[in-house]
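Structure, as structure tokens:
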Amino acid sequence: METSNRPSRSDAHLSKEEEAKIEGETRDYFDGLAPRRHTKPQRSEYAAQYIDALPSDGVSHEYAEFQQLEQNSQKLVYAGNETGTGFINVDNTKGSAFNLSPESESAHHASCKGNPATNEWTPAPADTASSVSNKPHRSEN
Numbered sequence: 001m002e003t004s005n006r007p008s009r010s011d012a013h014l015s016k017e018e019e020a021k022i023e024g025e026t027r028d029y030f031d032g033l034a035p036r037r038h039t040k041p042q043r044s045e046y047a048a049q050y051i052d053a054l055p056s057d058g059v060s061h062e063y064a065e066f067q068q069l070e071q072n073s074q075k076l077v078y079a080g081n082e083t084g085t086g087f088i089n090v091d092n093t094k095g096s097a098f099n100l101s102p103e104s105e106s107a108h109h110a111s112c113k114g115n116p117a118t119n120e121w122t123p124a125p126a127d128t129a130s131s132v133s134n135k136p137h138r139s140e141n
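Anchor point for the sequence shown: position 99 equals 99 in UniProt numbering, and the numbering is continuous, going up by one each time.
Below you can see the structure in the form of structure tokens.
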């Protein structure tokens, strides 16, 4: 009768150098299998030629520019308007303007009913149009 050997319950222990070598080979293998995505064109910068290949040095232009901006000690320089001074001024030559004034206690408003999210509105009486139909009513048969 032949005895069967069971497999070991733990993995074979490798040295750190062997583990690093196998990890590097595996990483290179899967990096080679991964599809290469083309570079997206920049929206802000016009290019006469659309380049579909990765750069030969492996560093993208955007990444290099990002690193340069990160190392810049001044970070962000804005020489525009101060807050609140860049708004558009409107000439009021005719004297007409839209003013909101506080309401008096005696002012009467139409009742606000319904949920505006469900569009349950009732048109104003001036906006309602009665449609006249030539169809006979049921009582006129």
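Idealized CB from N, CA, C, for every residue including glycine.
Cβ of residue i within 7 Å of any chain C Cβ
{"i": "residue 13", "result": "In the structure shown, chain C cannot be found, because there is only a single protein chain."}
Contacting residues, own chain, Cβ-Cβ under 8 Å from residue i (five flanking each side not counted)
{"i": "residue 22", "result": "14"}
Where residue i sits in the DSSP three-state scheme
{"i": "residue 20", "result": "helix"}
{"i": "residue 100", "result": "coil"}
{"i": "residue 61", "result": "helix"}
{"i": "residue 33", "result": "helix"}
{"i": "residue 139", "result": "helix"}
{"i": "residue 12", "result": "coil"}
{"i": "residue 25", "result": "helix"}
{"i": "residue 105", "result": "coil"}
Sequence-distant residues of its chain with Cβ nearer than 6 Å to residue i (five each side left out)
{"i": "residue 34", "result": "none"}
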